[in-house]
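S.K.: The structure under discussion is supplied below as structure tokens; questions concerning it will follow.
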Amino acid sequence: MTFAEQLKAERERLGLTQAETAPILAVSPSWVDKVERNARQPHVLMQEGALGRLKRAKPKTK
């Protein structure tokens, strides 16, 4: 599974939009969009940090 696929899967698992995900990762919503579309490939350390932060995040409540 690519980083883009992992990022999107974690975001969707949490029930978050790209805009809601961006502040958790300390990035812009356009960064999340570009990564999910494979238009941007962040450094491996950023990938690990981003996935770690999302895995620790709490799902969105309705």
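Mapping of the sequence shown onto the working numbering: residues 47 to 108, in sequence order. Where is the CB? At the ideal position from N, CA and C, for every residue including glycine.
1) With respect to the alpha helix (DSSP H) encompassing residue 93, which residues constitute its N-terminal and C-terminal limits?
2) Output yes or no for whether 9 Å exceeds the beta carbon distance between residue 103 and residue 53.
3) With distance defined between alpha-carbon atoms, name the residue in 49, 56, 51 and 62 nearest to residue 107.
4) For a quick check, are the C-beta atoms of residue 67 and residue 83 less than 9 Å apart?
M.R.: Concretely, from the data shown:
1) 90-102
2) no
3) 62
4) no
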